[in-house]
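> At position 170 of the sequence shown (counting the first as 1) the number is 169 in numbering that gives the first Met the number 0, and the numbers step up by one without a gap. Just so you know, even glycine gets a beta-carbon here, dropped at the ideal spot from N, CA and C. Take a look at this one; I'll ask things after.
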Amino acid sequence: MSFGWSAGDVLQTAKIAWDVYKCIADGTQNAKSDFTQFQAEFELMRATIEELQEAETDVPVSKRVALGESYERTIIECTDFVRKHQRLASDIHSGRPKELLHWHKVPDRVKTLFHQVSWPIERKEAERLRRALERNVQLANLMATNTVIDIQKQYRHEDRQENLEILRAINPEP
């Protein structure tokens, strides 16, 4: 006898219900804490890369960290993502046990709840953006390391030249 539901349908429904519950419930996997963590990581990575770029004002332009279009696009996408889900950073209620229902706050609460419920879908986008940020940070790290190595080589070469000049001054050739 068939009811139009398979075991896979029931399992998929249970998984969706569990994902939604985790996003709304208190804990480390809920939408608010996941979003807050993403937002903090984004701000930290962006600030670190900007600091790195500001610190290289004395470095020749050809050796500076230049992440280019990929970095700019990732920053824009992350900024848009944070703006879109900013409501997740706010509370649905103040936490008081029997808070009075204020009708003017209901639309905001519904919107926040909607963002929490839809977070499992958006979590994939957050992970994609995290990976893009990580790639940009790794690239910036690689470029900065390469710049430091080049500058050290240049200093060593200049030091050798200076040492040779000092030796020539001390021991003039006959």
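What residue range does the alpha helix (DSSP H) around R159 cover?
Position 160 of the sequence shown, counted from the start, is the residue given in the question as residue 159. Residues 118-169.
> What's the C-alpha gap between R130 and C77?
Numbered from 1 along the sequence shown, position 131 holds the residue referred to as residue 130. Numbered from 1 along the sequence shown, position 78 holds the residue referred to as residue 77. So the two alpha carbons sit approximately 11 Å from each other.
> Taking only the alpha-carbon atoms, compute the straight-line gap between I169 and E157 and give it to the nearest angstrom.
For the purposes of this step, residue 169 is identified with residue 170 of the sequence shown, where counting begins at 1. For the purposes of this step, residue 157 is identified with residue 158 of the sequence shown, where counting begins at 1. Their backbone Cα atoms lie some 18 Å apart in a straight line.
> Return the first residue and the last residue of the alpha helix (DSSP H) that R72 is part of.
Sequence index remark: in the sequence shown, residue 72 carries index 73 (1-based). First-last of the alpha helix (DSSP H) with R72: 67-83.
> When you compare only the Cα positions, how much space is there between E172 and Y154?
Within the sequence shown, the letter at position 173 stands for residue 172. Within the sequence shown, the letter at position 155 stands for residue 154. Whole-angstrom Cα-Cα distance: 26 Å.
> Can you say whether V60 is buried or exposed, counting buried as having 16 or more other CB atoms within 10 angstroms of its CB?
Counting from 1 along the sequence shown, the entry for residue 60 is found at position 61. The residue is exposed, with fewer than 16 neighbouring Cβ atoms inside 10 Å.
> With a Cβ-Cβ cutoff of 7 Å, do A139 and I48 count as a contact?
For the purposes of this step, residue 139 is taken as the residue at position 140 of the sequence shown. For the purposes of this step, residue 48 is taken as the residue at position 49 of the sequence shown. Yes, Cβ-Cβ distance for A139 and I48 is below 7 Å.
> Tell me the DSSP secondary structure of E50 in three-state form.
Looking up residue 50 in the sequence shown gives position 51. If DSSP states are grouped into helix, strand and coil, E50 belongs with the helices.
> For N135, which option in E40, A30, S32 has the closest C-alpha, if you only look at C-alpha atoms?
Counting from 1 along the sequence shown, the entry for residue 135 is found at position 136. Answer by Cα proximity: E40.
> As a quick exercise: from L128, D33, L163, pick the residue whose alpha carbon is nearest that of E71.
For the purposes of this step, residue 71 is identified with residue 72 of the sequence shown, where counting begins at 1. Per the Cα distances, L128.
> Considering only residues of the same chain and omitting the five flanking positions on each side of R121, which have a CB-CB separation below 7 Å?
In the sequence shown, the residue the question calls residue 121 occupies position 122. In the sequence on display, residue 121 carries Glu and not Arg. Cβ neighbours of E121 beyond the five flanking positions: H84.
> Just mark A46 as buried or exposed, buried being the case when its beta carbon has 16 or more other beta carbons within 10 Å.
Here residue 46 corresponds to residue number 47 of the sequence shown, with the count starting at 1. So A46 ends up on the exposed side.
> Within the present structure, is the beta-carbon of E172 separated from the nearest heavy atom of the ligand FAD by less than 6 Å?
The ligand FAD is absent from the structure shown, which contains no ligands of any kind.
> So, helix, strand or coil for T56, using DSSP?
Taking the first residue of the sequence shown as position 1, residue 56 is located at position 57. Coil.
> Anyone know if the C-beta pair for L132 and M44 falls short of 7 Å?
The residue you call residue 132 lines up with position 133 of the sequence shown. The residue you call residue 44 lines up with position 45 of the sequence shown. In contact: L132 and M44 (Cβ atoms closer than 7 Å).
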